[in-house]
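When we follow our numbering, the leftmost residue of the sequence shown carries the number 974, and every step to the right adds one.
Where a beta carbon is used, it is the ideal one built from N, C-alpha and C, also for glycine.
Here the structure is a predicted model, which is why all the values come from computation and not from measurement.
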Amino acid sequence: MFKRSLESLEFLKKAENIFRSPFIWAGFLFLVCFTGILFLFDLRFLSRHYDWDSIVYTHNIVTNKYWKVFFNPHHIGFESTGLLYLKFWHWFHGPDSAMFGLRLRVLVVASFFIFILMLSYWRLYKDMVGAVLLGLAVHCSQGFWFYAQHNDTPLIHSCFTAALFLLCVWNSKNGWSPGKLFIAGFLQVWNVYYHQSDTIFLTFVPASVLLANKWRGRSFEYSYKLKLIFVYLLSVVLILTLSYLYVGFILLERNLTAPIESEKNFANWLFLYASQERWGAAPGPKNYIMNFYRGIGDAFLNFEGVKNGLRVNTNDLTSLKSFPYNLNLGFWVGILLLAFLNWLRLWKSYKTELILLFFWLIPSFVFYTWWEGYFFEFWVSSVIGLLIFAALVFRSLEFENFRFGIRSISHIIFFSYVSLLFLVNFTYSTLPRSERSHKSFIEGIEDKYERITPEPVYLNE
């Protein structure tokens, strides 16, 4: 069995063949350099904003206590790996500037994901310009850019979700193997560790396996697909279940005998947010349509700060307050219209991607609109999926005789949209947050804020 497992990883050897092509080498090195420049740009304008979540999570990590880093069951991977990273940071840099070091961790993950996204798109669709534009669009969206510069939970799990999607698309087209299934399972488990709600994406791999035609280079029988799906889901669920049982009962010493409202109760810990009647489970009326509009809208553009109410104003298309939002809405209305008018060709060319996007976006829209739709934290992942969908819609318009002309037009439109995202989000969000240290919403945790500041890495503090 062990021998077969090693043999299943033989596909990794094929990587050496990739770099025998000067064309692929040149493209790979270009994307590495481009990602490096993007990383340095972000590092230059790294956020110096302290808010409640980033302070509390940093404090949980710097206290160096197991019960602190596993206290939040909905993202047990974020703070626990943060503690391991901080030990490296102390060895590499020293005991100070923990917040900066932890921000740097998230930024490295964000940059590496943008590289993987561009590389995957380029290799799948042979469109380097489109790959770069897609990477920039994801990067410059407000939700991704904001959380790429914060020690907070939304970014890493969103990158894992998108990476799992890309892996499933690739393997649906090129075939699965035991080794690839192990990698997918690893990504799936850590996706849930970094955010418990990502259990809604357990459908990714089963759907991809059903869509694939090859297993280890040979034909893939339907009955064998069902067996693999069963084994995969059983393994992932078993690993997750045992992990949470170990953390809850052994590390945190929770039990089943404490009162249900007590923090010592295992069920209360495991379903912390819902058991406290917060977010989606909170009492009172909710306007789900406005919650969706506000949350996903802020994840694309943030011009006036987080606030309630409509930002789009069709009666005043060009006023400064509404113009960016009107353009953003116009772009997405155009994408949906093009998708509708060209649906048959879109489906024929990208059936695999559309099915997997369905299992990504529809559960996200439903769950997050109900749970915490008004805050853009939860829409980072969905925005990545929507931008991939937009890129596919543009590609579906490339008719054979006008392929390069249509591709050039779609690139110009996508570049214009990227410019909108960059200009608005950099001017009104990234740049102001990088100019000086400032804090918000820290009432009651002033002691935690004082413990992690100042950060000597900034010479002017």
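In the three-state DSSP reduction, S1235 falls in the coil class, being neither helix nor strand.
If you draw a straight line from the Cα of N1147 to the Cα of K1324, it is about 15 Å long.
Burial state of T1403 is buried, judged by a 10 Å Cβ sphere holding 16 or more other Cβ atoms. Counting along the chain, R1021 sits inside no alpha helix (DSSP H), nor does DSSP assign it H or E at all.
About 11 Å separates the beta carbons of A1110 and M1091, which is beyond the 8 Å limit, so they are not a contact pair.
Here G1116 really is in contact with F1349; their C-beta atoms are around 5 Å apart, less than 8 Å. Following the DSSP letters along the chain, one finds H1112 inside the alpha helix (DSSP H) bounded by residues M1101 to C1113. The three-state secondary structure of N1301, taken from DSSP, is helix. Taking C-beta atoms as the reference points, P1297 and L1274 count as a pair closer than 8 Å. Residue burial is scored here from C-beta neighbours: P1232 has fewer than 16 other C-beta atoms within 10 angstroms and is therefore classed as exposed.
Under the 10 Å beta carbon count, N1301 is surrounded by 16 or more other beta carbons and is classified as buried. With respect to the C-alpha of V1029, the residue from F1065, L1002 and M1072 having the closest C-alpha is M1072. If you compare the alpha carbons of V1081, L1107, P1127 and N1228 with that of S1027, the shortest gap goes to P1127.
According to DSSP, residue pairing for K1412 in a beta bridge involves Y1023. From the listed residues I1223, L1075 and G1270, the smallest Cα separation to K1060 is found for L1075. I1335 is classed as exposed because its beta carbon has fewer than 16 other beta carbons within 10 Å across all chains shown. A straight line joining the alpha-carbon of Y1039 with that of I1308 spans about 47 Å. Here L1224 has Y1039, W1040 and F1043 as same chain residues with Cβ atoms under 8 Å from its own Cβ, once five neighbours each way along the sequence are excluded. For W1344, the enclosing alpha helix (DSSP H) starts and ends at K1324 to E1345. Comparing C-alpha distances from L1329 to each of L1175, K1099, F1014 and R1096 shows the shortest one belongs to L1175.
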